[in-house]
Amino acid sequence: QVLKQTPGVYVRGEDGYGLRPNIGLRGANSDRSAKVTLMEDGILLGPAPYAAPAAYYFPLMARISGVEVYKGPAAIRYGPNTIGGALNMQTRQIPRSPTLALDLGYGMENFGRIHGHMGTSTKHWGVLLEGVHLSSDGFKELDGGGRTGFNRNEFLLKTRYNTDPGKAFYQQLDARVGYANELSKETYLGITDADFAATPYRRYLASRLGRMDWDRMQMRLGYYLAKDENFDLQLVGYRHDFARDWRKLNSFRGGDLRDILSNPDSGQSAVFNAILKGEEDTVSDEQVLLIGTNGRVFVSQGINLVAHFKPTFGKIENEIEFGLRLHQDEIRRTHTEDGYLMTQGELVAEGGERDTTASNIGAAETLALHLYDEISWGNIMLAPGCRFEWIETNFDNLLSETKQKNTTQIFLPGLGLHYELLPWLGVLAGVHRGFSPVSPGQADDVLPEQSVNYELGTRLVLDNTEAEFIGFFNDYSNLTGECTFSSGCQTEQLNQQFNGGRVHVYGFELLLAHEVRSVWGIEFGTKALYTLTLSEFQSSFSSANPQFGEVQLGDKLPYVPEHQGTWIGRMAKGKFEVNFSLSYVGEMRDMAGQGDIPENEQIAARWQADLTGNFEILEDIYLYLTLNNVLNKRYMVARRPFGARPGRPFQALAGIKYLLKEKKE
1 QVLKQTPGVY VRGEDGYGLR PNIGLRGANS DRSAKVTLME DGILLGPAPY AAPAAYYFPL
61 MARISGVEVY KGPAAIRYGP NTIGGALNMQ TRQIPRSPTL ALDLGYGMEN FGRIHGHMGT
121 STKHWGVLLE GVHLSSDGFK ELDGGGRTGF NRNEFLLKTR YNTDPGKAFY QQLDARVGYA
181 NELSKETYLG ITDADFAATP YRRYLASRLG RMDWDRMQMR LGYYLAKDEN FDLQLVGYRH
241 DFARDWRKLN SFRGGDLRDI LSNPDSGQSA VFNAILKGEE DTVSDEQVLL IGTNGRVFVS
301 QGINLVAHFK PTFGKIENEI EFGLRLHQDE IRRTHTEDGY LMTQGELVAE GGERDTTASN
361 IGAAETLALH LYDEISWGNI MLAPGCRFEW IETNFDNLLS ETKQKNTTQI FLPGLGLHYE
421 LLPWLGVLAG VHRGFSPVSP GQADDVLPEQ SVNYELGTRL VLDNTEAEFI GFFNDYSNLT
481 GECTFSSGCQ TEQLNQQFNG GRVHVYGFEL LLAHEVRSVW GIEFGTKALY TLTLSEFQSS
541 FSSANPQFGE VQLGDKLPYV PEHQGTWIGR MAKGKFEVNF SLSYVGEMRD MAGQGDIPEN
601 EQIAARWQAD LTGNFEILED IYLYLTLNNV LNKRYMVARR PFGARPGRPF QALAGIKYLL
661 KEKKE
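All letters in the sequence shown, in the order written, are residues 1 to 665 by the numbering used here.
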């Protein structure tokens, strides 16, 4: 919902609650947000951003106070992925005076929310404690009954010590510790098109044992130094530990789930399909269900330094940013599978020996440097920048007892330009080199993802009106894809990367916003956004990546909607406020292709309307109502990895908030 307010950003749902959003920018592959640099307060937040970039953790937006979206040349400051761009989640700052907030909400499907934070500051000390709990029984209907929802918790403690702000040098020490966990009854198993048309929220009996269980710890210690407004420096040491076990149906011993659900009525597929629903029993070895646990343990740690200088040379003003990051991360995979029989509508353990399908360690050690300068001279702002990444990866396959080591060095330049035609109108242009690294353990012929990205546009800010039009063109010299369970890959292909060759991604982004501050005492605000994204493979090739397959010259990328738009409206009067949004996502392809999309490869276009309102009943006490998918539209979000998967239906959530606001100085 937040990212709908920025053009050029695509968010593909998965579970209906946003637990693991798939985010892409300007055509970059959205699967597991692996091609976007994700940060929390400027620090990489992924479980292992280099060794295993799939973002199985994403912070709850309830504790996020702002989101920064970086596209174009500015993205080279935030590696390792610089093709699409970067997202920075800003957490709540320690308040200057005592604050206290509590949010209690309850909604359909037994959805519950408890969110609170409290904090204060003295002249030299500050503290903030925040916690969020979300839970739901789930909106999907499991054959035979059962919960399909989740429980999610996040806690964060921040402390600060600072010197007297009036001194020539200001210094500050920051420390934070956070913990988060999730237990969700999630599965990768979708349903057939026929069942989706009849009962889109159905879950087959074979997915009953699906369960995601993870824990995350974060620790951070920071030092900040500033002198006047011309110099500041921030040094942060950080460590994130993330461990997850995801138990789920992987396949039949003798049948591929994706093929079965794509062609459920033909031959043996009809038998397999009936077994998934518990309508028939397992009677042969090929019909044994393979249910496995993907156990993964991640570590991400490092030191991050960012300094700003603001020298002036005559009429030329500079805002220089220098950054250095030493980073290490790793992933330890232990994947196992057990055989299960479908017997009279029950999953019964086969009783054989547990099979270990993967046991390996991938690690990365990196050094990243960047230099970026915003040079202002009259009406012109020039922004040159560059980034250097040195990456050493190691991969240890414990099953085959083989090891692999690779080193990559890359230099990424960029240049942005803004010219102020009028005080309220400017034009902008930019070019930069995009890059996405190769994960540990890849074949020697796998190349990094690289591109040259261009943008050109205009921006208008006049009184209460804002407008923006930006065209973009990403010229990939090599686009890559990575096999994950979420993309529908088989066990033997997991975590393999594939070259996709030359690809052109191009389009434009449009934003229009206007506010009317008072008409009969009512405030109105509106914003409209639209993104056009076109893509073309520049060569023909055959790929083992199931999202590419047999690619022909001119084929379009999968899971990139050509058309996407949002209209947002706001009305406020006195103590009452209403917000409304109407969003559109055009049809998408499940596989690369061109021309009309085959019905069994199409994710149809959809409209969705959402409504929220709040009313201050007493001072600092608010009642609110949130209506998601007001029109109760049934829609598909993906066909990956196995079968059609639905978005969330209509949901109503009501609650009460208490907010003791920070006093203004």
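Each residue gets a CB set at the ideal place from its N, CA and C atoms; glycine is no exception.
Here the structure is a predicted model, which means the values were calculated and not measured.
(1) Does the Cβ of GLU346 have 16 or more other Cβ atoms within 10 Å, making it buried, or fewer, making it exposed?
(2) Report buried or exposed for ARG244, applying the criterion of at least 16 other Cβ atoms within 10 angstroms of its Cβ.
(3) Does PRO73 come out as helix, strand or coil in the three-state DSSP assignment?
(4) Rounding to the nearest angstrom, what Cα-Cα distance links PHE231 and LEU623 in this structure?
(5) Have a look at PRO73, LEU104, GLU401, ARG20 and flag the residue whose alpha-carbon is nearest the alpha-carbon of ALA654.
(6) What's the gap between the Cα of PHE395 and the Cα of ASN360?
(7) When burial is assigned at 16 or more other CB atoms within 10 Å of the CB, is PHE242 buried or exposed?
(8) Am I right that LEU415 and PRO384 are in contact with their C-beta atoms under 8 Å? What's the rounded C-beta distance?
(9) Tell me the DSSP secondary structure of ARG160 in three-state form.
(10) With DSSP run on the structure shown, which of helix, strand or coil describes LYS277?
(11) Can the beta-carbon of ALA34 be found less than 8 Å from the beta-carbon of GLU330?
(12) According to DSSP, is LYS403 part of a helix, a strand, or is it coil?
(13) Of all the CB atoms in chain C, is at least one closer than 8 Å to the CB of PRO311?
(14) Which stretch, first to last residue, makes up the alpha helix (DSSP H) that contains LEU261?
(15) Kindly indicate which residue of GLN90, ARG589, GLY471, GLY595 has the alpha-carbon position closest to the one of GLN602.
(16) Residues in its own chain within less than 6 Å of PHE580 by CB, not counting five upstream and five downstream?
(17) Span of the alpha helix (DSSP H) holding ALA198?
(18) Mind checking ARG517: buried by the 16 CB within 10 Å criterion, or exposed?
(19) For ASN499 versus ASN474, is the C-beta spacing smaller than 8 Å?
(20) How many whole angstroms separate the CB atoms of THR336 and THR293, which I take to be in contact at a CB cut-off of 8 Å?
(21) Between the Cα of ALA429 and the Cα atoms of PRO413, ASP444, ILE470, which residue gives the shortest distance?
(22) Is GLU450 helix, strand or coil when you go by DSSP?
(23) Looking at C-alpha atoms only, which residue of GLU319, GLN234, ASN614 is the closest neighbour of ARG220?
(24) At the level of alpha carbons, what is the spacing between ARG334 and THR357?
(25) I need the straight-line Cα distance from PRO7 to ARG26, nearest angstrom please.
(26) Relative to the C-alpha of GLY46, which candidate in GLN651, LEU399, PRO561, ASN81 has its C-alpha closest?
(27) For ASN181, I'd like the list of residues in its chain whose CB is within less than 6 Å of its CB, leaving aside the five on either flank, ordered along the chain.
(28) Determine which residues share a DSSP beta bridge with MET588 and list them.
(29) Would you kindly work out how many angstroms separate the C-alpha atoms of HIS504 and VAL306, rounded to a whole number?
(30) Go ahead and label ARG354 buried or exposed: buried means 16 or more other beta carbons lie within 10 angstroms of its beta carbon, across all protein chains shown.
(31) Please determine, among ASP174, HIS432, GLU577, the residue with the shortest C-alpha to C-alpha distance to ALA75.
(32) Do GLN608 and LYS633 have their C-beta atoms closer together than 8 Å?
(33) Per DSSP, MET61 is paired with what?
(34) Compute the Euclidean distance between the alpha carbons of THR403 and GLY362, then round it to the nearest angstrom.
(35) Contact between the region 507-526 and the region 615-622: three or more CB pairs below 8 Å?
(36) With which residues is ASP103 paired in a DSSP beta bridge?
Put simply:
(1) exposed
(2) buried
(3) helix
(4) 44 Å
(5) LEU104
(6) 7 Å
(7) buried
(8) 5 Å
(9) strand
(10) coil
(11) no
(12) strand
(13) This model lacks chain C altogether, as it is built from one protein chain only.
(14) 257-262
(15) ARG589
(16) GLY569, LEU611
(17) 193-198
(18) exposed
(19) no
(20) 5 Å
(21) ILE470
(22) It is worth fixing the name first, because residue 450 is Gln in this sequence and not Glu. GLN450: strand per DSSP, three-state reduction.
(23) GLN234
(24) It should be noted that the sequence gives Thr, not Arg, for residue 334. Their Cα atoms are separated by approximately 8 Å.
(25) 9 Å
(26) ASN81
(27) ASN153, ASP215
(28) ILE603
(29) 34 Å
(30) exposed
(31) HIS432
(32) yes
(33) BP columns for MET61 are empty, so no partner.
(34) The residue you asked about is not Thr; residue 403 is Lys in the sequence shown. Going from the Cα of LYS403 to the Cα of GLY362 covers about 10 Å.
(35) no
(36) HIS115, LYS657
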